[in-house]
């Protein structure tokens, strides 16, 4: 496909630095796959087993022994672990008395089983699991024989490098062991299969001459994993801690098709890896992870649908919190009830305001039976207490599926901290989109209502957070089937449950209607809305992002859509999160993560994006704006009505950054050398009113910001050299601007020639600036 606004190529990269004044995608840094290949992660969940993991394997240590689980990827139908435990040690034919069942102890980067006369030690490393057997200094009377019990479904074999356990999707190698003491270089020893498992033999000639401690040292590794079945990250989701300027990305990493692990990768504002946090490393299957952040608790909450590998089995929603301020990783816990039926497809929302104690809200799909799926949710307070389950679907048997919940709660009059929820209701092969609102007490403050109940199939909704100004407005973005295999993106702008506008987002961003736009992800930075989506052409999915503004209750695009990931390989599964400020006010910073195919497997890609605070609107005859009053339509959108000099119509642009008060208005293609008035309004009439030869859309309290004369080319800039800035000019006129306020601008100019209407002036299009 042809990129619509490719700023720069983005390969498979980690999330990058937060943007400053520039608007658009910024270059990303590093690769999560590369970082994970260098990472070793430790965990000890509530059940007591100790885990260590890398991108190549994971290992579990318990009183039963060590278990090595090779990471074979999603193509492998199940895990194929190999369990190791020291069974016996004989010195000169005499068996030593070993402690039979010992709890492992982690000592720095090593796991130690103290079995009395010998310590069985494991040292997880990125390249493999080092195993050693350490004897205290002693005089050995003869050869030392160690017997290891090995339990695995893999087939035993041997090659020049050591013993192997082979399977269809990969293998485990147990290297030739070495022995060393305080006085000699490492010496290879016999390493071979026995009936029980593995036998290691230290010859008498070496053992009897040993000085100091004697150590037997093999290495366990994964090898021979097929490229097509290698580890691949997928299902990314992103959250943000504004205090630390920290980004958190969760994703699933399959050990096998039946065992997906979930990791939380933390990066600072510069994109530097801060650490990898295990949400799950066990043999339970954690899938479709989602993450949110709560600033009062200074914690992330990762949730996923969990299939337990041990009784009670079944699918439920599990969660785990990580307090990044203290480095505390809580124990995993059940978010939803277990048993009876499956609970899946969770989503989670947090809170950006540190003064609130709203905690988190988790929504999920509850499959009561094949004909009745409900959307349920529960709040979780900042102490980790799960509230009662709330059913949004009601008692009727309906297929309510795939809920989406806003990333952030926002304070609403009479309701308190409020999350928005949207989901699909399927019936007879088609789907509708519904939505509701719930507060921090778990009360439904806006009952479920239809967002799109039309005859076309509507599906895959994603709901934004509320705008920071009360009453908050919110956007529901979703896909609607236009033809078999072809969907467009639609958006509904809502205030409470009232629809303000409905728009085909595909047409607004200029995507070809023939291409398939799906999988939207939406959020709000407090002022603007951002939507990322997957667009497929010729079977090739790419990922895009665009900013939308609320212009007088109408959905308008703020600038062109941006390419997040467009290549000859798959780029899909986008997720966005606004880096929301404490008060809910905008920072304009948007974090995006998506899945990208790279080098034979999937990696997590990401970028930071600055939402455009400037929106062009009031194009006569386009969207809701009325046509030009006298048939003098411009040549295209983004212009005012045609004038007597330029058939294209005059164009108003705004360049710069409101945060730094550097916005400059540029009015082009007006009649040359005529008087012009720069007009500002504090509200918008999206339909507009006839105004001379043109249409005026700015409304409310109107201020004359400046009176100037266009140059011989019909161009005017304000402010120019010697002029006060727009914010300063507002203050001079007694109307100082506050952060978050919107102002609209148009320039009207003399055009006395009897050209279209019997009037003597015309007007540009409008721009809206969010200060």
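In our numbering, the protein residues as written are 99 to 869. Even glycine gets a Cβ: it sits at the ideal position worked out from N, Cα and C. All figures in this text were calculated on a predicted structure; none of them were measured in a lab.
{"Check": "Neighbour-count burial assignment, residue 259, 16 or more Cβ in a 10 Å radius", "Outcome": "exposed"}
{"Check": "Residue 408 classed as buried or exposed, judged by whether at least 16 other C-beta atoms fall within 10 angstroms", "Outcome": "exposed"}
{"Check": "Residue 199 - containing beta strand (DSSP E), residue span", "Outcome": "Looking at the DSSP string, residue 199 is not in any beta strand (DSSP E), and its letter there is neither H nor E."}
{"Check": "Integer-rounded CB distance, given that residue 373 should sit under 8 Å from residue 320", "Outcome": "Residue 320 to residue 373, Cβ: 23 Å. No contact."}
{"Check": "Sheet register partners of residue 830 (DSSP bridge)", "Outcome": "Note: residue 830 sits in no beta bridge, so no partner."}
{"Check": "According to DSSP, residues forming a beta bridge with residue 286", "Outcome": "276"}
{"Check": "As assigned by DSSP and simplified to three states, the class of residue 756", "Outcome": "helix"}
{"Check": "Residue 620 classed as buried or exposed, judged by whether at least 16 other C-beta atoms fall within 10 angstroms", "Outcome": "buried"}
{"Check": "Alpha helix (DSSP H) segment containing residue 585, residue limits", "Outcome": "It is not in any alpha helix (DSSP H) - residue 585 instead sits in the beta strand (DSSP E) that spans 584-593."}
{"Check": "Beta carbon of residue 815 nearer than 7 Å to that of residue 869", "Outcome": "no"}
{"Check": "CB contact flag (residue 278, residue 284, <7 Å)", "Outcome": "yes"}
{"Check": "Beta-carbon spacing of residue 335, residue 388 below 7 Å", "Outcome": "yes"}
{"Check": "Which of helix, strand or coil DSSP assigns to residue 480", "Outcome": "coil"}
{"Check": "Own chain, CB closer than 7 Å to residue 103, minus 5 neighbours either side, in chain order", "Outcome": "Interpretation of residue 103 is limited by its pLDDT of 28, a score under 50 that renders its predicted location unreliable; the figure taken from the coordinates is listed afterwards. 658, 659, 660 and 661."}
{"Check": "Distance, residue 618 Cα to residue 704 Cα", "Outcome": "16 Å"}
{"Check": "Reference residue 785, options 734, 425 and 724, closest by Cα", "Outcome": "724"}
{"Check": "Runs of beta strand (DSSP E) lying entirely within the stretch 145-223, each at least 3 residues, in chain order", "Outcome": "148-151, 155-160, 163-168, 180-189, 203-205, 208-212 and 216-223"}
{"Check": "Three-way DSSP call (helix, strand, coil) for residue 303 in this model", "Outcome": "helix"}
{"Check": "Sequence-distant residues of the same chain with beta carbon closer than 6 Å to residue 325, five excluded per side", "Outcome": "For residue 325, the pLDDT reaches just 38, beneath the cut-off of 50, and the residue's location in the model is therefore unreliable, although a value from the coordinates is still provided. Around residue 325: 698."}
{"Check": "Contact between the stretch 437-452 and the stretch 465-483 (3+ Cβ pairs under 8 Å)", "Outcome": "yes"}
{"Check": "Residues of its chain near residue 494, where Cβ-Cβ distance is below 8 Å and the 5 sequence neighbours each way are ignored", "Outcome": "none"}
{"Check": "Cβ neighbours of residue 568 in the same chain (closer than 6 Å, five flanking residues each side left out)", "Outcome": "511"}
{"Check": "7 Å Cβ cutoff met for residue 245 and residue 186", "Outcome": "yes"}
{"Check": "Best match in 865, 150 and 290 for proximity to residue 228 [C-alpha to C-alpha]", "Outcome": "150"}
{"Check": "Straight-line gap, residue 521 to residue 688 (C-alpha atoms, nearest Å)", "Outcome": "23 Å"}
{"Check": "Beta-carbon spacing of residue 525, residue 456 below 7 Å", "Outcome": "no"}
{"Check": "Cα-Cα separation between residue 531 and residue 558, rounded to whole angstroms", "Outcome": "8 Å"}
{"Check": "Expected contact under 8 Å - CB spacing of residue 517 and residue 447 to nearest Å", "Outcome": "5 Å"}
{"Check": "C-beta atoms of residue 515 and residue 545 nearer than 7 Å", "Outcome": "no"}
{"Check": "Enclosing alpha helix (DSSP H) for residue 603 [first to last residue]", "Outcome": "603-607"}
{"Check": "For residue 478 and residue 396, the rounded distance between their alpha carbons", "Outcome": "14 Å"}
{"Check": "Residue burial classification, residue 124 (beta-carbon count within 10 angstroms, cutoff 16)", "Outcome": "With a pLDDT of 36 at residue 124, under the threshold of 50, the modelled position of this residue cannot be trusted, and the question is left open."}
{"Check": "Closest residue to residue 842 among 183, 850, 761 and 810 (Cα-Cα distance)", "Outcome": "761"}
{"Check": "For residue 347 and residue 367, the rounded distance between their alpha carbons", "Outcome": "13 Å"}
{"Check": "Three-pair Cβ contact test at 8 Å for the stretch 853-865 versus the stretch 776-795", "Outcome": "yes"}
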